[in-house]
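The opening position of the sequence shown corresponds to residue 133 in the numbering used here, with each subsequent residue numbered one higher.
Ideal placement from N, C-alpha and C gives every residue a C-beta, glycine not left out.
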Amino acid sequence: AHLVSASIIAIPACFVLSKILVPETEIPLTAGGIPDEKDIRASEYDLPGEEDGDHTPRETVGGEPIERVSPLDAAIVGALDGVKMAVAIAAVLILILGLVSLINQFFGWLSNLPSPIGDVFQVITLANIAGALFLPFTALTGVSLEWQTLWESSVIIGRRLLETAIPPYQTLGEAAALPEAQRVITDRAVLIISYALSGFAHLASVGIFVGGTIALIPSRRKDISELGWKALFVGTLATLMIACVAGVFDTGDPSILGAPAPEAAPLTAPSPTPEETPEESLEEESPASPSPTDAESPEAEFPSPSPTASPSPTAPAGQSPAPSPSPSPAATSTPSPSPAASPTPPPPPSPSPNS
133 AHLVSASIIA IPACFVLSKI LVPETEIPLT AGGIPDEKDI RASEYDLPGE EDGDHTPRET
193 VGGEPIERVS PLDAAIVGAL DGVKMAVAIA AVLILILGLV SLINQFFGWL SNLPSPIGDV
253 FQVITLANIA GALFLPFTAL TGVSLEWQTL WESSVIIGRR LLETAIPPYQ TLGEAAALPE
313 AQRVITDRAV LIISYALSGF AHLASVGIFV GGTIALIPSR RKDISELGWK ALFVGTLATL
373 MIACVAGVFD TGDPSILGAP APEAAPLTAP SPTPEETPEE SLEEESPASP SPTDAESPEA
433 EFPSPSPTAS PSPTAPAGQS PAPSPSPSPA ATSTPSPSPA ASPTPPPPPS PSPNS
C-alpha cells in the first residue's frame, strides 16, 4: 500500500521537476488549445523533392518518414523494432551493471592490501561513497537526528543509484527484522526509506531508457543521452521529495498518509456450550448428593432426638410386670418444634386378688 501511495505522489513531483529542469523555451503547439487536424497536417514534415503545394501527411519517427504498406508489413516492422530494442536494453544493462560490479571488486581488492592502504579502503567503499553523496538529502527527509541511524539510512538510499532498488530493499528488510536491542534503523526510518527507494532512479534504468530509445531513433542519440542523465536526476529528487512528504505525515502509527489504522476487535471469552452450563459443571465437581429417600423429608438431614423411656420399676414378687409404654408413632414421624416431652410414668400396678 505504501508503494502505491508513493507512485501516486511521484506523478506531480516528476512533472514539477521536469518543467523546472527542462523549461519550455518555444511556443508550444497546444498553447492556445488543441489544434485542428488540418493544422497538424500542414505542419508535418514533407519528403524532399515534393512540390510545395502537396501536403500529404507522412508518418515520421524522429524526423524520418516511414511508410506502412499493409498490416502484415506493420507487424513485421514492429517485431524487428522490438527485437532491436530488447537487444539494446540488454546490452546497455549488462554494461552498466558490469561496470558497477567491476568497481566493487576493485575496492574489495584494495581493502585486502596490507596496512595502511587496506585499512583505508575498509572504510572507503562504493556504497559508503554513495552514502556520503546522499547524506544531505537523507538528512532533509527527517529520518533521524542520531548519526548512526542517519548514516545507515543514507547508505541504503545511495545504493539504489548503483545496484537498483532490489538489494537495498532486502537490506532494509533485514535491518528491520533485527531484535529491538540490535536495531539501528527505527520504524520511522523504515517508512521514509521505503518511500525514497520507490522508483527507478538508478543507472540501470538510464541504460534501459537510452538503449531502448536509441534503437528506435538512432538519429536522436545525442539528445536522448543528455535527457537520460536529466531524467535520472529528476527521478532521484522526486523520490526524495515523496520521502519528505511521508515523513511529514508519519505520526508513529501503522497507517498510510495519516489515515488511522483499523482497531483490532477486543477478545471475548468463549460462551459455554448448550450441552454443559456452568451450574452443571459445578454439580459434577461437587460431592455426591444424598439419596432421594433421605432427601424426601427434612428429618433425614436434621433428625430430632427421639424420647427415651425411663426404666420401669421392678414389680414385686408374685406380680407380673406391667408392659412398658411404647413411643407414639407421631413422635418419630413428625418432628415437634417444642422441646422433647418427658416420658409418661407407667400406671401403678393393680392389686392381685390373692393378696
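State the start and end residues of the unbroken alpha helix (DSSP H) segment that holds ASP251.
That run of the alpha helix (DSSP H) goes 249-255.
Would the beta-carbon of GLY331 fall within 8 Å of that of GLY367?
yes
When burial is assigned at 16 or more other CB atoms within 10 Å of the CB, is GLU312 buried or exposed?
exposed
Across the segment 287-305 and the segment 344-354, are there enough close Cβ pairs to call them in contact, namely three or more that are closer than 8 Å?
no
Would you say LEU335 and LEU293 are within 8 Å of each other, going by their C-beta atoms?
yes
Compute the distance between the beta-carbons of THR270 and CYS376, then report whether it is under 8 Å.
no
Leaving aside the five residues before and after VAL136 along the sequence, list all residues of the same chain whose C-beta is less than 8 Å from its C-beta, in chain order.
none
Among residues of its own chain, excluding the 5 on either side of ILE143, which ones have a beta-carbon nearer than 7 Å to its beta-carbon?
none
Could you spell out the range, first to last residue, of the alpha helix (DSSP H) harbouring GLN237?
203-243
Taking all protein chains shown into account, do 16 or more other C-beta atoms lie within 10 angstroms of the C-beta of ILE340, making it buried, or fewer, making it exposed?
buried
In whole angstroms, what separates the C-alpha of ILE208 from that of SER202?
10 Å
Can you give the Cα-Cα distance for THR318 and GLU295, rounded to whole angstroms?
23 Å
Taking DSSP as the reference, what is the three-state secondary structure of PRO155?
Coil at PRO155, not helix or strand.
For ILE340, is the beta carbon positioned less than 7 Å from some heavy atom of the ligand PLP?
Absence of the ligand PLP is noted for the structure shown, with no ligands found whatsoever.
Work out the CA separation of ASN236 and ALA328 for me, nearest whole Å.
Cα-Cα distance, rounded: 23 Å.
Answer with buried or exposed for ILE288, where buried requires no fewer than 16 other C-beta atoms within 10 angstroms of its C-beta.
buried
Short of 6 Å in beta carbon distance, which residues of its chain neighbour MET373, apart from the five on each side in sequence? Order them along the chain.
ALA145
Tell me whether LEU363 is buried or exposed, calling it buried when 16 or more other Cβ atoms sit within 10 Å of its Cβ.
A small correction: the amino acid at residue 363 is Ala; Leu does not occupy that position in the sequence shown. Buried, because 16 or more other Cβ atoms sit within 10 Å of the Cβ of ALA363.
Helix, strand or coil for HIS134? Go by DSSP, reduced to three states.
It is helical.
Closest by CA to GLY290, which one among THR281, GLU278, LEU265 and LEU369?
LEU265
Measuring straight from C-alpha to C-alpha, what distance separates LEU277 and GLY305?
21 Å
Could you check the C-alpha separation between SER150 and PHE239 for me, to the nearest Å?
35 Å
Closest to ALA321 by CA distance: which of ALA347, GLY230, ILE152 and ASP382 is it?
ASP382
Kindly list the residues whose CB is nearer than 7 Å to the CB of PRO443, restricted to its own chain and excluding five residues on each side of it in sequence; keep chain order.
In this prediction, PRO443 has a pLDDT of 47, which is less than 50 and means its spatial position is unreliable; what the coordinates show is noted afterwards. Cβ neighbours of PRO443 beyond the five flanking positions: none.
Tell me the DSSP secondary structure of SER337 in three-state form.
helix
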